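Following: one structure in structure tokens, then a few remarks.
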Amino acid sequence: MRYAMAIDTNKCVGCTDCVVACQTENNVPIGYCRDWITETVDGTYPNIEIELRSERCNHCDNAPCVRCCPTGASQVADGGIVITVEDECIGCGACIESCPYEARYTHPDGYVDKCTFCLHRVKEGELPACVAVCPTKCMYFGDLEDPNSDVSKVMKFRKYKTLAPEAGTDPHIFYLI
Amino acid sequence: MSTNRRQFIKISALGTGGVAMAASAYGFAGSFLSVFDSSDEKKSINMKRYPTYCEVCFWKCAAWTHVNEAGEIVKIIGNDDDPHCNGRLCPRGTGGIGMYNDEDRLKTPLIRVKAEDGGEDTFREASWEEALDLVAAKMKDIGDYYGPESFALLKHGSSGKHFEHLFKSYGSDTIGEPAYAQCRGPREAAFATTFGSWVGSPEPTDIRDTKCLVLIGSHIGENMHNSQIQEVSDAIDKDVTIITVDPRASTVASKSKYWLPIKPATDIALLLAWMHVIIYDKLYDEAYVKKYTHGFEELKKHVANYTPEWAYGITTLEPAQIRKTAVEMANAAPAVIVHPGRHVTWYGDDTQRERAIAILNGLLGSWGKRGGFYLKEKIKVPKYPHPPYPHPQWSWENLGEKYPLAQMGVTNELVNASIPELAGEHEIKAWFVSGTNVTKSIPNKKVLEKAMDAIEFMVVCDTMPMDVTGYADVVLPECTYLERYDGIRSATNREPSIALRMPAAPPKYDSKPSWWMAKEIGERLGLGDYFDFDKYEDVIDWQLQKMGSSLEEMQRIGVKKFPRTSGPMYFEDGEDFEFATNTGKIELFSTELDELGFDPMPVYTPHPEPEEGYYRLNYGRAPMHTFSRTANNPNLNDLMDENVIWINPKVAKNWSIKSGQEIYLKNQDGIVSSFPIKVRVTERIRWDSVYMVHGFGHKNEKLSRAHGRGANDTELISNVKIDPLMGGTGMRGNFVTFLTDNPNLVES
Ligand code: SF4
Ligand code: SF4
Ligand code: SF4
């Protein structure tokens with residue numbers, strides 16, 4: 005089992021619904037977020053290209069945050085989901101420094117928090133909150149090892165890219181282009 | 011300014027706390043509801059869910075409010091069965107919880123205390139008893155002295171409906187909502203004139219099956235009209251051709267096969283050129299035009315000289331591009347939508363621009379066709395019995411008389427009628443404002459303030475201390491949509507459906523639902539017969555029973571669909587159809603406008619352009635905000651806490667302005683923005699215009715997050731071009747320049 009997400013940049017409108025849905029689902033305090041939107045604009049008027057995409061932890065196969073965690077609080081759970089175990093986290097912030105995607109933040113309660121792929125929902129057979137809410141249905145989630153999962157199916161016929169591949173982290177959020 | 015009677019005051023309280031009415035009166039029924047379906051236990055984790063429909067914008071998506079064991083509202087999730095949202099709320103709906111949690115909410119009724127000798131007026135807290143007594147007494151006095159017609163209602167949304175019933179029972183139909191003359195009125199007038207049918211809401215655009223979607227300045231995706239953006243996304247999956255006409259590289263422009271970066275204010279020229287190509291290159295649907303339309307030959311003659319080359323000089327769009335996009339539309343026809351848009355009060359000739367849009371759809375044969383406009387249907391909710399309304403001597407119709415196509419109250423005329431020098435035969439003496447922050451929805455602030463200064467009494471009912479509350483004599487704190495019952499939602503769609511709204515928690519603070527306020531005021535006025543129920547759920551249950559459902563059923567399912575009864579969604583091939591126009595046909599040539607002495611077919615008239623150093627002020631929406639009501643919502647404010655002004659890099663360079671820098675804006679009439687606004691230097695905007703998101707720059711300090719953040723576009727809109735056909739306020743003829751220093755410091 006290897007969970008992953010594919011996000012269609014041709015459909016994402018940058019509405020931030022994924023952000024607020026994550027906040028209310030996961031009790032993320034106001035002022036913090038586990039996912040966010042990036043907008044890139046290239047070219048000069050009127051020949052310009054705009055890309056909008058929803059970003060979060062890349063649930064990397066080669067995760068620097070897991071390697072550098074002194075207590076083992078940062079770890080890989082079932083299906084390749086990268087998590088931090090609250091009770092074991094001492095809030096040192098080494099993982100925050102090591103993540104090339106700036107996906108982690110220190111929760112006001114002192115531990116480091118990040119996207120969990122909504123493990124609590126996925127375990128129950130539900131989609132992550134951000135995927136379930138997205139009005140453009142531009143996010144596909146599932147098991148890469150299952151050829152019939154939404155994510156496997158869409159990646160079969162679409163081109164995609166990952167963010168900061170040069171960092172060698174083997175990220176598992178794929179952007180359909 | 012400070013000599014005004016109705017000077018703007020901050021909501022700050024003097025005096026004593028309010029007294030609550032008996033708790034049972036507003037009908038919170040939290041205890042008897044079932045938890046989640048037992049088959050679906052995993053989701054429940056001891057949460058209860060209550061049906062509602064969203065009131066953050068006007069789309070009214072049905073949803074489930076989730077409440078935890080402690081009785082706290084934790085999240086709102088779309089109802090899977092609802093055609094407005096298909097189980098997915100937009101960011102504003104998801105963040106609607108912030109409306110409930112906002113600690114800046116209006117908490118108790120407030121009554122204005124007049125200042126002694128030139129000081130500042132203040133508010134004092136009041137009990138409901140006292141506040142409602144006062145409102146009823148004033149309604150009685152004004153009714154007795156001037157006639158109830160002199161008391162106007164300015165409203166929006168679900169709460170407005172309850173006060174509309176109160177006002178009609180009282181004898182006033184002097185009612186208006188900015189949603190008409192400040193927003194979608196022109197398109198309704200134009201489509202009614204052409205097709206004999208309003209566009210309505212949600213728009214009957216069959217986007218999910220369209221092959222070509224044409225957007226004239228409509229920024230779907232930044233406006234989050236929920237099912238509509240969902241369908242655009244479905245259509246993208248099916249490789250739709252999107253043609254976006256916008257001076258700004260909007261989000262949807264970036265998803266379009268063709269983006270036409272038109273010179274602002276020249277859309278009609280493009281639309282006429284498209285008609286020219288479609289007619290003279292024989293791209294129109296000949297059979298459809300022959301069968302269903304009136305005035306093709308007149309139109310053909312009318313557009314003979316409106317070539318793409320002619321339009322090029324006006325729009326700056328390449329003739330080849332105009333031709334190519336016309337061919338794209340024709341190739342897709344009838345599965346093509348030239349979208350009417352929604353906020354369309356731009357330049358004062360908006361009904362005519364919308365007519366041009368309607369005519370194009372007629373030529374392409376998209377009305378009544380799959381992938382074009384479907385034939386919408388809704389189910390009628392039976393009227394709860396009440397005595398007939400009295401007949402007012404005059405109403406909004408008289409005030410809007412000079413606009414022959416006005417189908418609803420023209421708010422700006424209601425404003426004028428409130429100013430003795432501007433009023434005609436009929437004068438308005440008092441306002442009741444419900445759910446609309448008129449200082450940010452009605453332009454020309456000077457006139458608006460004059461009106462608010464002139465009237466004798468003003469009530470504002472809202473959930474938040476919006477700027478408009480500062481002008482009120484009485485402020486009535488309404489509970490949010492998550493804390494109340496409201497009218498059954500029934501809207502036009504592919505198939506009829508209804509949705510229930512019920513409270514998920516009791517009203518916070520001393521806020522109350524508006525149905526309760528309307529009833530209480532009505533009873534004080536001796537109009538108890540019009541409010542013959544104890545709790546609003548009794549009304550709803552009565553109505554639902556008549557419709558073959560019940561309150562109990564709707565509390566369980568939230569949304570119920572009904573089969574169509576008006577026939578199929580699309581015309582059959584060659585089907586006879588009578589349009590509700592003079593000729594029974596789609597009027598390419600409008601006999602109605604001709605009779606009224608207006609252009610029966612749209613013409614292009616040039617609009618003023620900015621002088622050197624000034625830029626056209628364009629405004630629009632951001633996906634996480636709506637109206638001016640969300641700026642202080644803690645969840646939505648977190649996503650975007652201020653607006654910025656978009657400036658083209660070339661312009662910014664000339665001015666040595668950088669991204670992030672704060673500037674003030676000054677318009678052509680010398681009006682300076684109350685607050686500075688941050689600059690966003692971006693290639694996404696033309697050099698002749700600037701852009702900002704509407705709804706920021708709040709003045710009320712009680713809005714702790716929104717106060718002073720960003721600029722208010724509406725206060726910079728002082729040049730208003732009135733649409734002679736329906737009274738709409740064209741707001742895009744305003745030009746701004748930049749002040750890089752704080753003007754307040756410079757002057758002092
Ligand atoms: S909810 Fe969907 S469309 Fe909106 S920003 Fe997130 S990914 Fe993009
Ligand atoms: S998967 Fe869950 S935790 Fe991760 S960003 Fe989406 S909603 Fe947040
Ligand atoms: S579109 Fe969004 S804000 Fe409007 S009713 Fe639906 S969920 Fe609410």
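Going down the list, the sequences are from chains V and R.
Start counting the first sequence at 5; every next residue gets the next number (this note's numbering).
Start counting the second sequence at 11; every next residue gets the next number (this note's numbering).
Where is the CB? At the ideal position from N, CA and C, for every residue including glycine.
Note that this is a predicted model, so its numbers are computed, not measured.
Ligand 1 never approaches residue 230 of chain R closely enough for any of its heavy atoms to be under 7 Å from the residue's Cβ. Put simply, the backbone Cα of residue 216 of chain R is about 18 Å away from that of residue 71 of chain R.
The DSSP-derived three-state label of residue 409 of chain R is helix.
Here residue 615 of chain R is exposed, its C-beta having fewer than 16 other C-beta atoms within 10 Å.
Look at residue 119 of chain V: its C-beta is not under 8 Å from any C-beta on chain R.
Per DSSP, the continuous alpha helix (DSSP H) segment holding residue 448 of chain R begins and ends at 448-451. Judged by DSSP in its simplified three-state form, residue 113 of chain R adopts coil rather than helix or strand. Counting along the chain, residue 46 of chain V sits inside the beta strand (DSSP E) bounded by residues 40-48. When Cβ-Cβ separations below 8 Å define contact, residue 105 of chain R makes contact with chain V. An exposed status is given to residue 403 of chain R, since fewer than 16 other beta-carbon atoms sit within 10 Å of its beta-carbon. Ligand 1 has no heavy atom closer than 7 Å to the beta-carbon of residue 237 of chain R. Close to chain V, meaning a Cβ-Cβ distance shorter than 7 Å, are the following residues of the stretch 224-253 of chain R: 231, 234, 236, 239, 240, 243 and 246. Close CB contacts of residue 6 of chain V within its chain, under the 7 Å cut and outside five residues either way in sequence, are with 83, 84, 147, 148 and 149 (chain order). With a threshold of 16 other beta carbon atoms within 10 Å, residue 555 of chain R falls short and is exposed. For the stretch 699-736 of chain R, the continuous beta strand (DSSP E) assignments of 3+ residues that do not extend past its boundaries occur at 699-703, in sequence order.
Inter-residue distance for residue 533 of chain R and residue 719 of chain R is about 42 Å (C-alpha atoms, whole angstroms). Scanning its chain for C-beta atoms nearer than 6 Å, with the 5 sequence neighbours on each side dropped, one finds no residue around residue 562 of chain R.
Distance check between residue 106 of chain R and each of R:588, R:717, R:200 and R:641 places R:641 closest, using alpha-carbon atoms only. DSSP places residue 574 of chain R outside both helix and strand once states are collapsed to three, so it counts as coil. Relative to ligand 3, even the nearest heavy atom lies 7 Å or more away from the CB of residue 455 of chain R. Residue contact with chain V for residue 85 of chain R: present (Cβ-Cβ distance below 8 Å to some residue of chain V). The Cβ neighbour count for residue 179 of chain V, taken over all protein chains shown within 10 Å, is at least 16; the residue is labelled buried. Taking a cut-off of 8 Å for Cβ pairs, the stretch 437-450 of chain R and the stretch 155-170 of chain R touch, as three or more such pairs fall below it. Its Cα nearest to that of residue 94 of chain R, the residue R:238 stands out among R:613, R:401 and R:238. At a cut-off of 7 Å, the beta-carbon of residue 400 of chain R does not count as near ligand 1: no heavy atom of the ligand is closer than that. Within the same chain, 295, 374, 375 and 376 come within 7 Å of residue 343 of chain R by CB-CB distance, once the 5 residues on both sides are set aside.
Excluding five sequence positions before and after residue 552 of chain R, the CB atoms of its chain that fall closer than 7 Å to its own CB belong to 394, given in chain order. With a minimum length of 3 residues, the unbroken runs of beta strand (DSSP E) contained wholly in the stretch 235-270 of chain R fall at 251-255 and 268-270. Put simply, the backbone Cα of residue 115 of chain V is about 37 Å away from that of residue 705 of chain R. The alpha-carbon of residue 81 of chain R is positioned some 28 Å away from that of residue 485 of chain R.
Distance from the CA of residue 365 of chain R to the CA of residue 198 of chain R, rounded to the nearest whole angstrom, comes to 10 Å.
DSSP places residue 417 of chain R outside any beta strand (DSSP E), giving it a letter other than H or E.
Separation of residue 161 of chain V and residue 181 of chain V (C-alpha to C-alpha, rounded to the nearest whole angstrom) is 11 Å. When only Cα atoms are considered, residue 353 of chain R and residue 278 of chain R end up about 16 Å apart.
Taking 4 residues as the shortest admissible run, the stretch 325-392 of chain R contains the following complete alpha helix (DSSP H) segments, listed from N- to C-terminal end: 329-342 and 360-374. DSSP places residue 645 of chain R inside the alpha helix (DSSP H), whose first and last residues are 644-649.
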